[in-house]
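To start, the structure itself, in structure tokens.
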Amino acid sequence: MNEAIPPQFTDTSCRSHLEDHMTPHRLAKTLASKYPIDRPIVYVCIGTDRSTGDSLGPLTGSLLEKRKLPFCDLYGTLKDPVHALNLADTAEKIRLEYDNPFIVAIDACLGQFRNIGYIEVGEGPIFPGAGVQKQLPPIGDVHITGIVNAGGFMEHAMLQNTRLYLVNEMASKITDAIHYSNILLRKKIAKTHTLHTGEQLSQSHPQ
Numbered sequence: 025m026n027e028a029i030p031p032q033f034t035d036t037s038c039r040s041h042l043e044d045h046m047t048p049h050r051l052a053k054t055l056a057s058k059y060p061i062d063r064p065i066v067y068v069c070i071g072t073d074r075s076t077g078d079s080l081g082p083l084t085g086s087l088l089e090k091r092k093l094p095f096c097d098l099y100g101t102l103k104d105p106v107h108a109l110n111l112a113d114t115a116e117k118i119r120l121e122y123d124n125p126f127i128v129a130i131d132a133c134l135g136q137f138r139n140i141g142y143i144e145v146g147e148g149p150i151f152p153g154a155g156v157q158k159q160l161p162p163i164g165d166v167h168i169t170g171i172v173n174a175g176g177f178m179e180h181a182m183l184q185n186t187r188l189y190l191v192n193e194m195a196s197k198i199t200d201a202i203h204y205s206n207i208l209l210r211k212k213i214a215k216t217h218t219l220h221t222g223e224q225l226s227q228s229h230p231q
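Note that this note's numbering numbers the sequence shown so that position 119 is 143, with each residue one more than the last.
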């Protein structure tokens, strides 16, 4: 669980409410625009199932695991969560197992009351635990965060009293967004391959 970023729309981020039916598509388009085609993509879903509000990451991870998407290496599920006690070790494991991985970090956050239910895709890492005064290493080339409750007062209690319905709906929308972005990534890879093949043919058969 990290600290929420003030609501804003920029060229490098997208924020949309879970009740908006276009949210998965908006988030997917932003995600796909950031994906490289020459680096492994690893999703790190952060949180714990011992706290309702903080279960967004592992719940999303479990939903993604069931879809068995290509180009979707995954850490953090309800069965095997990535949390404060093993985040640093997980980051080191990813560093050793992958060549220059592109990491998408997924986590819950607290924010202003009026922003509860918003999901954001943004540039750069997240700082897990910042919302509850924990010092954990930042992680992610991009991040997906969902504002699950209001912050600023008794953060642990707010997380414990977050509605499971809200977290489940957010996890479903994020999973859909990643699924759609995966389709867009496959199209991008296919298009790049076609262009590359065309260039090779052109060089092999000059006019």
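For every residue, glycine included, the Cβ atom is placed at its ideal position computed from N, Cα and C.
Within a Cβ cutoff of 7 angstroms, which residues of the same chain sit near residue i, ignoring the five residues on either side of it in sequence?
i	result
residue 204	48, 49 and 52
residue 122	64 and 66
residue 115	161 and 163
residue 195	80, 83, 84 and 87
Which residues does DSSP list as the beta-bridge partners of residue i?
i	result
residue 232	Outside the displayed span of the chain (25 to 231) sits residue 232, for which this structure offers no information.
residue 128	67 and 166
residue 147	166
residue 97	66
residue 142	41
residue 191	Per DSSP, none; premise fails for residue 191.
Which same chain residues end up closer than 8 angstroms to residue i when comparing Cβ atoms and leaving out the 5 residues on each side of it in sequence?
i	result
residue 212	56, 59 and 61
residue 174	134, 135, 136, 137, 140 and 182
residue 41	47, 141, 142 and 143
residue 192	83
residue 206	93, 94, 95 and 96
residue 199	84, 87, 88 and 91
What do you get for residue i, buried or exposed, if any count of 16 or more other CB atoms within 10 angstroms of its CB means buried?
i	result
residue 234	Coverage of the chain is limited to positions 25 through 231, which leaves residue 234 absent and any answer about it impossible.
residue 144	buried
residue 201	buried
residue 112	exposed
residue 94	exposed
residue 161	exposed
residue 39	buried
residue 70	buried
residue 103	exposed
residue 197	buried
Once the 5 residues before and after residue i are set aside, which same chain residues still bring their CB inside 6 angstroms of it?
i	result
residue 186	76, 77, 172 and 173
residue 129	68, 150, 163, 164 and 167
residue 72	78, 105 and 107
residue 110	none
TODO: Scan the segment 26–91 and note each continuous alpha helix (DSSP H) run of 4 residues or more that stays entirely inside, going in chain order.
DONE: 47–58 and 80–91
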